[in-house]
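*Asks:* Note that the numbering used here has the sequence shown beginning at 283, numbered continuously upward.
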Amino acid sequence: MSLVELVIILFLSLGLLDKGKVKNMLQFFNSSKSDQVRKVIGDETIEQRWIWLEEE
Numbered sequence: 283m284s285l286v287e288l289v290i291i292l293f294l295s296l297g298l299l300d301k302g303k304v305k306n307m308l309q310f311f312n313s314s315k316s317d318q319v320r321k322v323i324g325d326e327t328i329e330q331r332w333i334w335l336e337e338e
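#1: Taking only the alpha-carbon atoms, compute the straight-line gap between Met-283 and Phe-293 and give it to the nearest angstrom.
#2: May I ask which residues mark the beginning and end of the alpha helix (DSSP H) holding Leu-285?
#3: With a threshold of 7 Å on Cβ separation, who are the neighbours of Lys-301 within its own chain once the five nearest residues in sequence on each side are excluded?
#4: Met-307 to Leu-288, Cα distance in whole Å?
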């Protein structure tokens, strides 16, 4: 657990942060992550035939 998570949990348990506001912020950050798509460019090793040391 990171230090930031520990502080947020501590503030929530003490009642210093509103649970609804934290939930809205987490939903915002999770939605921004799903918009990003990662693609591997130029990796052709999947289509190559692999030769193991025992086959040589």
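Beta carbons are placed, not taken as given, at the ideal position from N, Cα and C, and that holds for glycine.
*Replies:* On the basis of the coordinates in this document:
#1: 15 Å
#2: That run of the alpha helix (DSSP H) goes 285 to 296.
#3: Leu-294
#4: 16 Å
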